[in-house]
Every structure is written in structure tokens, then in C-alpha cells.
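2 protein chains.
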Amino acid sequence: MNFADWMSAVQNRTEDALAHWLPPADTQPARLHDAMRYAVLGGGKRIRPLLCHAAGAALGALPTDLDRAACAVELIHAYSLVHDDLPCMDDDKLRRGKPTVHVEYDEATALLVGDALQSLAFQVLINQPVDNLHDSHIAGQVDSPGLMGLPYCQRRLSMLLLLAQAAGSRGMAGGQAIDLAAVGQTLALEELELMHIHKTGALIRAAVLLGAHCGNADADTQTTLSHFANRIGLLFQVVDDILDTEASTATLGKTAGKDAAQNKPTYVSLLGITRAKALAAELRDEALAALAPLGDRAERLGGLTRYIVERRF
Amino acid sequence: MNFADWMSAVQNRTEDALAHWLPPADTQPARLHDAMRYAVLGGGKRIRPLLCHAAGAALGALPTDLDRAACAVELIHAYSLVHDDLPCMDDDKLRRGKPTVHVEYDEATALLVGDALQSLAFQVLINQPVDNLHDSHIAGQVDSPGLMGLPYCQRRLSMLLLLAQAAGSRGMAGGQAIDLAAVGQTLALEELELMHIHKTGALIRAAVLLGAHCGNADADTQTTLSHFANRIGLLFQVVDDILDTEASTATLGKTAGKDAAQNKPTYVSLLGITRAKALAAELRDEALAALAPLGDRAERLGGLTRYIVERRF
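Dropping the structure here:
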């Protein structure tokens, strides 16, 4: 399968799995469930699920085993976008080419959508049979997780911890807080990097390492992939800053130029566009070099690295 | 140990454990961590941790094993209060006798505090050695959970699922959504009950059942405690509505009379104060009756039931 076909296949199966695990829009509370589906489905590049599947593919993990991890990370990402777009944060009106959740619904609903998507991410990552998750209800008994061996069970707990830490105050939410404090400030390159390592890097790293866990990665491979993930996380952000400067709102599906408008420090504002592009090339090369120990098995991860640099939105 | 001493002991050990598991206020991002500690520490009746410890005590669970479950539930509760107090929700200025988080800090910080507390709740419930949780960092490797047998590991996954479902769109967050939709509406008693079963009942039930899980409760005992928890959850809410009508803001530590002011349906507005008090007495008796199969082992749960009815704030 060529890279473009593989990418489409992962995006499609992710969309299907998310649609399956999100509560149906006709179950109570219907407005909340409708808004959760609006926030998650029908858009997004699914970069994190792609990274999760690519890392898993490098280790021979089955796509069916990777879906939960991929969707859990995407649900955390989706919740963070909903909250980040709220008036008290970035106050953004457009996301993935559609009105943001608080514009389409209301602020209170958007707040609850984010909160509930975070809970759902953990529900999905806990490896329950799908139907149990869907049929369970607070009034019912909790079913035991399906049959599994001890190593599998312990690995699942490690994965849950990895996701919870990546989402929390020392990960993504912490990065948002650093971002808030940085508005209007002049940051050194190291400070900007620290912000992004948390804000976007933590979850991107989680996506890669959760995929690796699904493939029973040994400690050396986890270290290799962790190094790769740190590079790709920064690369993704540098490219985002370049696109925010150069692309149009129509192409991006979100408001272009908003970082500059909000006086937020970016790689472009700090380095200028030429040096930012040189940094992106450098990070791309470092990411690809980090994959060397995996040889041909890293094909999809390498393809994604190039895709991230060359993307136009 | 008499009931009052037991209650103080649980409240104190919960405060200590929360203070231990919350990130230190001098670690980055410091403002976020400071606000997280402000939101959680130094206040609150700790009803949910008390219920968790009381259920565990009925089954001979060790207090040290119960601390994680008790604190995880309390962290979810604390996050929900922070988000519930936001201007787009109840817009409340006072909580536990102090300015609410968005008043003391700012709205964006309060949003992130709630988000990060939810992540932390899951981190705490995953049974990692305490120091690993604290020393771990997104840049580091994830440690494997400590040594445990398969039944223990599977039980931990069941507990995580119970908490995630109780917090999510079919639990607490769903209850908030039903609450939003109910403002200004005339609800039937059944509809009001449905709202509270989700909004406060789901997490109270989780507190009881997580305590039961720590004591390796069999299916019959879980059913018994689930029935008890459903009664105590409604009882708690009916008493809350009575207090909101009868107590002063100074006594409550939060704004009194706000439900009526916001035109929210309550048991008092629906039934009148006399019938609401009769309902509380009925629910108390049903809760106590539900405990019968546990005999003397339910001493703490019975004591808490009476405490919840007799509380003045």
C-alpha cells in the first residue's frame, strides 16, 4: 500500500471508530452528545492517530489494537481544541472550516463537551469490549475488563498513565498555562520550545508511545521513539507557525494570522520566516535520523515526517 | 473510634494525600499548580472520600488502599465545582467560603485547573508508586505499574472505567447538561430525579463502589452498595436543596438561595419545604434499610447517612 492510501485508510478507520465510541446523538443528554460528535467527527487531519498507527506498524501491532489508543489521543486533542477556542482562551470562531463549538452551540455546552471528551478518552483506552462500553450506564454494574494476561493488563495501566500525564498539568494543560502567561511577552527560543514541548509535544509523544506500547516495544525502542516524537512534536509546531503566517484562513479552516494578531510569540516572530523554515528542515532531518535504528520498519513514520513538513493546512 | 473521630481522621488523611498528589505550587507552570491546590485543598466536607472509606471499611479494605480511590473521586468533584462556578455556567463568586477560582485567578486559569484536575484524578487512581507519579515527567519514560497480580490489575481497570463513566457524558457531565437545559423549566419530580442521578449521584455512587472494589466486594455486595449509593445520592441533593433555602451564605460558604434566584427547579420548589423534609427522611430510611445485609459492618456508612441528613452546611 502506498503512503497516501495507507494515510486514507487510517483516517477512515479512525473516523469510523470515533463515530462508534462517541455516544449516539439521539441518546440523552442529546444536545451534549450532538455537540461532542460535532466537535470530533468530520474533520481534522488525524495527525495523532496517524502517528499512533505508524509507530504501531513499525512494531507489527494490529490496526484493530491501535484504534483505541489512536482514538483516545484524538479525543484528548479534540477536547483541548474546544476549550482552547472558548472566549476566555483564544476566542476563536472557526475550526476545521466550521463554527467553533461555543459558536454553534453555546459556551456552557462547549465547556461540558471538552470535559466529557476527556472522560471518554479514558473510557476508550480502557480495553473493554466495545459493546460493554456502549451499553453500560451509571445505573448498571461495571463489567470486568475482558480476559487478558498480566503483562497485557499492566501495559494497559502504563498506557493510561502515559495518556493522563500527557494531558495534565505537566503536559498539555500545563503547556496551555505557559502559553497564557506568554501572551505579550518576549520569549527566548528555549522558553518557546518549553511551551510547545508541553502544549503540543506531550500529546504527540503520547500518540507515538501508545502505538509503540501496542506493539510491545522494548525499552530501547521506546527510547528511540521518544526521541523521534520529541523532534516531530517541535517540527509540527514550527510548521504550524509558518502556515499561520503564510496560508489563508480558507486553506487552514481556522483563523490565519491569529498568533500575530494576539501578539503571541511564534517561531516565525522569533526567528523570521527564513530561519523558521531552516529550523523545520533541521528538525525533519533529526526526526528521520532518530528513526534509523528501526530501519525499513519505520517507513510509515518517515512518510508522516515528510507529510508534516510538506502539508499546506 | 467514635464516628466524629473517624470522620476527622478520614478528612485529615484525605487532605494530606491530596496535598501530596497535587503538584507542588513552586513547580512550573506555577500559577496553574498554585490554582489547582487552591481549588482542592483547605476546604470541603470530603463527603465522597468519606463514603469511599466507609464502604471500604465495611469490607475490611485498608485505609492506605482507599486513599487513591477517595482522592481520585474528590479531584473529579473539585474540577466539576471549578467549571460549574465559571461565568458561562453558574457564575458563582464564592465557594467553601473563599472566592471561586476564576475570581481569585482568572477564567482561563480556572478552565485549565478543571481540565488538569480531571487528568490528575486518573493519574492518582492508576496504582503507581507515589514517588513515580511525582517524579515522572513528560520527557521521562513511563514506569511500569508496581508488582500486582492479574485480579488486582483487572480490578484497577474496572475502577478506572467506573470513574471515567461516572465523570462523563452519561454521568456527571451529562447531569450538568441536563441541569443547563432545565433552567427556567418546570420539571416533573422524575425529571428532577434523573438530573440529580447524573449530576451528583453518579460520582457519589462511584465513591461508594470504588471503596467496595478496594475491599474486593463480590457481586452481591456491589449490588447492595449500589442500591444504597443511589438512595444516598438523592438524599444528599434533597438536603442540599433544603439547606439552599434555609441556611445563610455565611454558614454554607457558598451563595445561599441561588437556585431560586436562578429559577432552577429544586426539591423545595417542586415539593415545598415540608414535603422535601419528609422525602429526606424517607430516603434516609431507605438508605439505612439498604445496608441491612451488611449488618454491623455498615456502621460507618450508617453514620454518614445520618450525618448527611443532619448537616447544617
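Quick note, the sequences are listed as chains A and B, same order. Each residue of the first sequence is one higher than the one before, counting from 62 in the numbering used here. Each residue of the second sequence is one higher than the one before, counting from 62 in the numbering used here. Note that CB positions come from ideal geometry on N, CA and C, so glycine has one too. Quantities reported herein were computed from a predicted structural model and do not represent experimental measurements.
heavy atom of the ligand MG below 7 Å from residue i C-beta
| i | result |
| --- | --- |
| A:A139 | This structure lacks the ligand MG, and indeed carries no ligand of any kind. |
Residue-chain proximity (residue i, chain A), Cβ-Cβ < 8 Å
| i | result |
| --- | --- |
| B:M97 | yes |
| B:A177 | yes |
| B:L155 | no |
| B:S205 | Low local confidence applies: a pLDDT of 39 at B:S205 is under 50, so the model's placement there is unreliable, with the coordinate-based value given in what follows. B:S205 counts as touching chain A. |
Under 8 Å by beta carbon: chain B residues contacting residue i
| i | result |
| --- | --- |
| A:R109 | Result: empty, since nearest Cβ-Cβ is about 15 Å, beyond 8 Å. |
| A:E254 | Per Cβ cutoff of 8 Å: no residues; A:E254 is ~12 Å from chain B at best. |
Proximity test, Cβ basis, 8 Å: residue i and chain B
| i | result |
| --- | --- |
| A:R217 | yes |
| A:L222 | yes |
| A:C149 | yes |
| A:L295 | no |
| A:A41 | Outside the shown range of chain A, which is 62 to 374, sits residue 41 of chain A, and nothing can be said about it. |
| A:S180 | yes |
| A:I199 | Legend: pLDDT at A:I199 = 30, less than 50; position of this residue unreliable, no value from coordinates given. |
| A:E360 | no |
| A:L304 | no |
| A:L211 | yes |
| A:E371 | no |
Contact list for residue i against chain A, beta-carbon separation under 7 Å
| i | result |
| --- | --- |
| B:H94 | S230 |
| B:F183 | F183, L221 and A225 |
| B:L102 | Those within 7 Å of B:L102 in chain A number zero; the least Cβ separation is about 15 Å. |
7 Å Cβ cut-off: residues of chain B touching residue i
| i | result |
| --- | --- |
| A:L173 | A234, Q237 and A238 |
| A:C275 | Those within 7 Å of A:C275 in chain B number zero; the least Cβ separation is about 14 Å. |
| A:C113 | None at all; the shortest Cβ gap to chain B is about 15 Å. |
| A:E307 | What A:E307 touches in chain B: nothing, since even the nearest Cβ is about 28 Å away. |
Contact list for residue i against chain A, beta-carbon separation under 9 Å
| i | result |
| --- | --- |
| B:I187 | L218, S219, L221, L222 and A225 |
| B:A351 | The premise fails here: B:A351 is roughly 15 Å from chain A at the closest Cβ pair, so nothing lies under 9 Å. |
Listed by chain order, chain B residues near residue i by CB distance under 9 Å
| i | result |
| --- | --- |
| A:A169 | L147, C149, M150, Q237, A238 and L241 |
Chain-ordered chain A contacts of residue i [CB-CB under 8 Å]
| i | result |
| --- | --- |
| B:L250 | Ordered by position in chain A, no residue passes the 8 Å Cβ test against B:L250, which lies about 17 Å from the chain. |
Beta-carbon neighbours of residue i, restricted to chain E and to distances below 9 Å
| i | result |
| --- | --- |
| B:L365 | Of the protein chains in the structure, A and B, none is chain E. |
**Prompt:** Is the segment 290-303 of chain B close to the segment 139-152 of chain B, with three or more CB pairs under 8 Å?
**Reply:** Touching, no.
**Message:** Residues of the segment 68-91 of chain A in Cβ contact with chain B at a cutoff of 7 Å, in chain order, please.
**Reply:** Closer than 7 Å at the C-beta level to chain B, one finds these residues of the segment 68-91 of chain A: P84 and P90.
**Request:** Answer yes if the segment 280-297 of chain A comes into contact with the segment 345-353 of chain A, meaning at least three C-beta pairs across the two stretches below 8 Å, and no otherwise.
**Result:** Contact between the segment 345-353 of chain A and the segment 280-297 of chain A is present, because at least three Cβ pairs lie under 8 Å.
**Message:** Runs of 4 residues minimum, wholly inside the segment 94-127 of chain A: which ones carry the alpha helix (DSSP H) assignment?
**Reply:** The qualifying runs are 108-119.
**Item:** Members of the segment 228-241 of chain A that neighbour chain B once the beta carbon cut-off is set at 7 Å
**Value:** Taking 7 Å as the Cβ-Cβ cut-off against chain B, the residues of the segment 228-241 of chain A that qualify are A228, G229, S230, R231, G232, A234, G235, Q237, A238, I239 and L241.
**alpha helix (DSSP H) runs wholly inside the segment 279-354 of chain A, at least 4 long, in chain order** = With a minimum length of 4 residues, the continuous alpha helix (DSSP H) runs that stay inside the segment 279-354 of chain A are 280-307, 310-313, 319-322 and 328-351.
**Request:** State whether the segment 351-362 of chain A contacts the segment 104-120 of chain A, with contact taken as three or more CB pairs (one from each stretch) at a distance under 8 Å.
**Result:** Using a C-beta cut-off of 8 Å, the segment 351-362 of chain A makes contact with the segment 104-120 of chain A, since at least three inter-stretch Cβ pairs fall below that distance.
**Asked** Touch check for the segment 168-181 of chain A and the segment 229-236 of chain B: three-plus C-beta pairs under 8 Å?
**Response** With a cut-off of 8 Å, the segment 229-236 of chain B and the segment 168-181 of chain A count as touching, because enough Cβ pairs lie within range.
**Message:** Please list, in chain order, the residues of the segment 125-146 of chain B that have any C-beta partner in chain A closer than 7 Å.
**Reply:** Flagged, chain order: H144.
**Prompt:** Do the segment 273-280 of chain A and the segment 124-136 of chain B meet, that is, are 3 or more Cβ pairs less than 8 Å apart?
**Reply:** No: fewer than three Cβ pairs fall under 8 Å.
**Message:** Give me the subset of the segment 327-349 of chain A whose CB atoms are less than 7 Å from a CB atom of chain B, sorted by chain position.
**Reply:** Among the residues of the segment 327-349 of chain A, none has a Cβ less than 7 Å away from any Cβ of chain B.
**Prompt:** Using 8 Å as the Cβ pair cut-off and three pairs as the minimum, do the segment 99-114 of chain A and the segment 355-369 of chain A touch?
**Reply:** With a cut-off of 8 Å, the segment 355-369 of chain A and the segment 99-114 of chain A count as touching, because enough Cβ pairs lie within range.
**Runs of alpha helix (DSSP H) wholly within the segment 226-290 of chain A (minimum 4 residues, chain order)** = The alpha helix (DSSP H) runs lying completely inside the segment 226-290 of chain A and spanning 4 residues or more are 233-243, 250-257 and 263-275, given in chain order.
**Touching by the beta-carbon criterion (3+ pairs, under 8 Å), the segment 89-96 of chain A and the segment 67-76 of chain A** = In this structure the segment 89-96 of chain A does not touch the segment 67-76 of chain A; the number of beta carbon pairs closer than 8 Å is below three.
**Request:** State whether the segment 321-331 of chain A contacts the segment 238-250 of chain A, with contact taken as three or more CB pairs (one from each stretch) at a distance under 8 Å.
**Result:** Short answer: they touch.
**Asked** Are the segment 152-160 of chain A and the segment 155-164 of chain B touching, with three or more C-beta to C-beta distances below 8 Å?
**Response** Using a C-beta cut-off of 8 Å, the segment 152-160 of chain A makes no contact with the segment 155-164 of chain B, since fewer than three inter-stretch Cβ pairs fall below that distance.
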